[in-house]
Amino acid sequence: MKVMIFTEGGIKTGFGHLTRCIALYDEVKRRGIEVELIVQSDVDLRNLVGDRHCTIINWYTIDYLYRVVQPDFYCIVDSYIATRDLYQVIAQRSKSAIFLDDTNRIHYPDGIVVHPSLSTNDVPSGSLAGPKYIILRDAFREEVRPFIRQDVTNVLITVGGTLQPSLIQSIVHLICFNHPEITFHILIGDKHDPILERELLSVSNIILHRYVPSHEMKRLMSCSDLVITAAGQTIYELIISGVPFVPIKIAENQERNMLALRSRKLISSNVTWGSSTFGQDLQTEFKNMLHMHTRTEQTMNYEGLLDGDGPLRIVNSLLRSQDFNFFLRKATIQDSQQIFELSNQEYVRKYSINQKPILWETHKNWYQQVLSSKKHLFFIVTNHSNQVLGQIRYERITNYAVISISLSEMLIGKKVSQPLIQQSLMMIQQEWKDIREITAYISNENIASKKTFERVGFEMNAHEEDNKLLKYIYIME
60 MKVMIFTEGG IKTGFGHLTR CIALYDEVKR RGIEVELIVQ SDVDLRNLVG
110 DRHCTIINWY TIDYLYRVVQ PDFYCIVDSY IATRDLYQVI AQRSKSAIFL
160 DDTNRIHYPD GIVVHPSLST NDVPSGSLAG PKYIILRDAF REEVRPFIRQ
210 DVTNVLITVG GTLQPSLIQS IVHLICFNHP EITFHILIGD KHDPILEREL
260 LSVSNIILHR YVPSHEMKRL MSCSDLVITA AGQTIYELII SGVPFVPIKI
310 AENQERNMLA LRSRKLISSN VTWGSSTFGQ DLQTEFKNML HMHTRTEQTM
360 NYEGLLDGDG PLRIVNSLLR SQDFNFFLRK ATIQDSQQIF ELSNQEYVRK
410 YSINQKPILW ETHKNWYQQV LSSKKHLFFI VTNHSNQVLG QIRYERITNY
460 AVISISLSEM LIGKKVSQPL IQQSLMMIQQ EWKDIREITA YISNENIASK
510 KTFERVGFEM NAHEEDNKLL KYIYIME
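Okay, so the sequence shown: first residue is 60 according to our numbering, each after it adds one.
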């Protein structure tokens with residue numbers, strides 16, 4: 060079993076597609092599945108790709124795809140260059156394929172089409188679309204509560220990997236020169252224009268940054284009071300990081316993002332590079348965002364917009380079969396009511412340590428504490444309709460954790476417990492790398508659970524006499 064991810068990234072195409080493919084690569088790798096990036100590029104990608112298995116090659120040929128795509132491979136394609144006949148070869152030769160799309164670029168062959176966007180307007184029926192499929196790198200998977208400062212003293216400028224010197228020069232002349240009291244941090248990447256670099260270095264209130272890894276990018280964002288950015292992948296990282304921003308449309312495939320930002324009241328005007336009103340629009344928007352109340356209002360509208368589980372949902376969709384359409388995501392506060400109802404189902408209480416019905420106030424307080432605790436990991440079992448169908452929880456106790464699981468009655472007999480537990484074990488191994496052992500307490504009467512945990516690899520360790528529970532242990536590899 061192998062997953063191949065086809066994309067592009069470089070000076071001409073930018074790095075947005077490659078960045079989100081790296082996030083998908085990491086999600087696949089987390090599950091212990093062999094994965095490879097296949098990238099068409101005109102630059103050295105070592106800083107961006109790191110130690111991931113990556114092949115730099117022109118993959119836009121039918122002959123190449125026939126050679127590398129095998130019948131038992133799963134494929135992901137994220138391209139706005141590849142032609143339909145190339146997609147057709149991948150769809151025909153692979154076991155399953157997912158195609159990422161931002162603009163309804165072509166009529167795709169058989170496969171799963173994903174539109175990772177804030178908007179679902181004009182999305183063909185049958186596609187996976189909307190904010191829950193937005194792809195974020197690992198450093199940006201968790202929502203951050205915004206902290207808005209009174210004054211704007213640090214502004215980050217990042218306009219994408221294609222690096223347009225004239226755009227940066229325009230921003231400098233329109234904004235940086237007119238605000239000497241603000242320090243501007245400009246990201247210029249590895250492949251920068253030396254003439255532009257000399258010009259920028261001569262400006263006293265400008266600090267240049269070349270390529271920065273994702274964790275450093277997150278730090279730069281969190282230290283910024285405001286960001287001027289291209290309206291691509293970066294806006295999602297800013298939203299989940301709670302950072303105010305002014306987006307600039309620099310490519311046609313960003314139009315959907317701009318429309319969604321306006322409809323959600325995150326921006327008030329459309330700043331478009333190359334338009335006759337670009338300078339006036341940018342200065343107006345920047346001036347508005349200098350007001351604390353404007354930045355606060357923008358970030359208040361971020362709440363609950365992204366949950367960081369886009370890669371998880373997409374990879375689950377890729378790997379699903381007709382017999383297994385269920386997957387895991389992290390629990391949110393919106394799941395509280397459904398978890399309450401699940402926990403109080405009679406057959407769930409029957410095998411619980413505490414068999415009495417749970418009161419709503421007791422559940423509500425407990426649920427909020429668990430979600431905010433660093434000692435707990437709480438996963439929801441769901442499907443492609445986002446129904447809450449079960450829960451898997453881990454409670455950390457020093458160097459081991461205790462697992463508990465309960466599933467909706469509609470999943471009983473569908474043989475989903477084992478793969479879901481296995482998936483959850485891989486997920487916590489990434490979250491808690493130092494955990495060496497997992498403990499499960501199972502009712503001696505719950506024959507099905509005992510068999511499930513034994514198939515996963517748990518071994519019975521002891522018998523808890525007081526509450527008729529068996530203690531099972533799983534050793535992490």
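The beta-carbon is built from N, C-alpha and C at its ideal position, and this holds for glycine as well.
Looking at the secondary structure, which residues open and close the alpha helix (DSSP H) in which residue i lies?
i	result
Leu320	314-322
Arg79	75-89
Arg452	Not the alpha helix (DSSP H): Arg452 falls in the beta strand (DSSP E), residues 449-456.
Ala150	143-152
Glu420	419-431
Asn375	369-378
Gln482	476-490
Gln404	Unbroken run through Gln404: none, as it is neither H nor E.
Ser300	293-300
Considering only the alpha carbon of each residue, which of the options lies closest to residue i?
i	options	result
Ile234	Pro183, His268, Asp340, Glu490	Asp340
Lys486	Leu365, Leu401, Tyr453, Tyr167	One detail in the question is off: residue 486 reads as Met in this sequence, not Lys. When each option's Cα is compared against that of Met486, the closest is Tyr453.
Arg126	Phe512, His112, Asn106, Val148	Val148
Val515	Asn180, Asn503, Thr498	Thr498
Val128	His435, Ile97, Gly333, Glu400	Ile97
Leu279	His422, Gly369, Val330, Phe199	Phe199
Ile534	Lys527, Asp493, His522	Asp493
Thr78	Ile194, Asp110, Phe132	Ile194
Ser138	Ser432, Lys434, Val173, Val374	Val173
Gly62	Asp197, Ser432, Gln396, Asp131	Just to set this straight, residue 62 is Val in the shown sequence, not Gly. Nearest option by C-alpha distance: Asp131.
Leu484	Gly472, Val136, Ser463, Arg269	Ser463
Thr179	Ser508, Ser225, Lys191	Lys191
Ser186	Thr162, Asp197, Ile207, Phe206	Thr162
Give me, in chain order, the residues of the same chain whose beta-carbon lies closer than 6 Å to that of residue i; leave out the 5 immediate sequence neighbours on both sides.
i	result
Lys88	Val94
Met519	Leu529, Tyr531
Gln209	Met351
Phe399	His422
Asn458	Arg495
Val182	His174, Ala188
Pro416	Asn403
Which residues in the same chain as residue i place their Cβ atom closer than 8 Å to its Cβ, once the five residues preceding and following it in sequence are excluded?
i	result
Asn544	Because the chain here runs from 60 to 536, residue 544 falls outside it and cannot be looked at.
Glu256	Ile247, Leu267
Gln482	Arg90, Phe386, Leu387
Asp144	Ile121
Ser327	Arg321, Glu344, Asn347
Ala290	Pro306, Ile307, Lys308, Ile309, Gln313, Asn316, Met317, Leu320
Val461	Tyr453, Glu454, Ile497, Thr498, Ala499, Tyr500
In the DSSP assignment, the beta strand (DSSP E) including residue i goes from what residue to what residue?
i	result
Tyr133	132-137
Met60	From DSSP, Met60 is part of no beta strand (DSSP E); its letter is neither H nor E.
Lys530	528-534
Glu362	That residue, Glu362, is in no beta strand (DSSP E); it is neither H nor E in DSSP.
Tyr270	Note, Tyr270: premise wrong, no beta strand (DSSP E); not H, not E.
Thr540	Residue 540 lies beyond the residue range present for the chain, which begins at 60 and ends at 536; the question has no answer from this structure.
Arg111	Per DSSP, Arg111 belongs to no beta strand (DSSP E) and is neither H nor E.
Arg388	386-389
Ile121	From DSSP, Ile121 is part of no beta strand (DSSP E) but of the alpha helix (DSSP H) over 121-127.
Gln99	93-99
Val172	171-174
Ala156	155-159
Tyr459	459-466
List the whole-angstrom C-beta distance separating residue i from residue j, where the pair is believed to meet the contact cut-off of C-beta under 8 Å.
i	j	result
Ile241	Val214	6 Å
Phe53	Gln450	Nothing in the structure corresponds to residue 53, since the chain is present only between 60 and 536.
Arg455	Trp491	6 Å
Val440	Leu430	Not really, about 16 Å apart at Cβ, beyond 8 Å.
Ser467	Leu365	Between Leu365 and Ser467 the Cβ distance is about 26 Å, and since that is not below 8 Å, they are no contact.
Gly301	Thr355	Gly301 to Thr355, Cβ: 11 Å. No contact.
Ile135	Cys80	7 Å
Taking 7 Å as the cut-off, is the beta-carbon of residue i closer than that to any non-hydrogen atom of the ligand HEM?
i	result
His350	Ligands displayed in this structure: none; no statement on the ligand HEM is therefore possible.
With a CB to CB cut of under 7 Å and the five nearest residues on each side skipped, what residues in its chain are close to residue i?
i	result
Gly69	Ser100, Asp101, Val102
Thr212	Ile241, Thr242, Asp284
Glu536	none
Glu201	Gly367
Thr353	Asn347
Leu297	Met280, Val286, Thr288, Phe304
Ile92	Met60, Val62
Leu479	Phe385, Leu387, Val440, Ile451
Leu83	Ile64, Ile135, Ile194, Pro370, Ile373, Val374
Whole beta strand (DSSP E) elements within the segment 232-268, 3-residue minimum: 242-246, 265-268
Complete runs of the beta strand (DSSP E) confined to the segment 492-526 [at least 3 residues]: 496-502, 518-523
Residue ranges of each beta strand (DSSP E) within the segment 183-223, 3 or longer: 213-217
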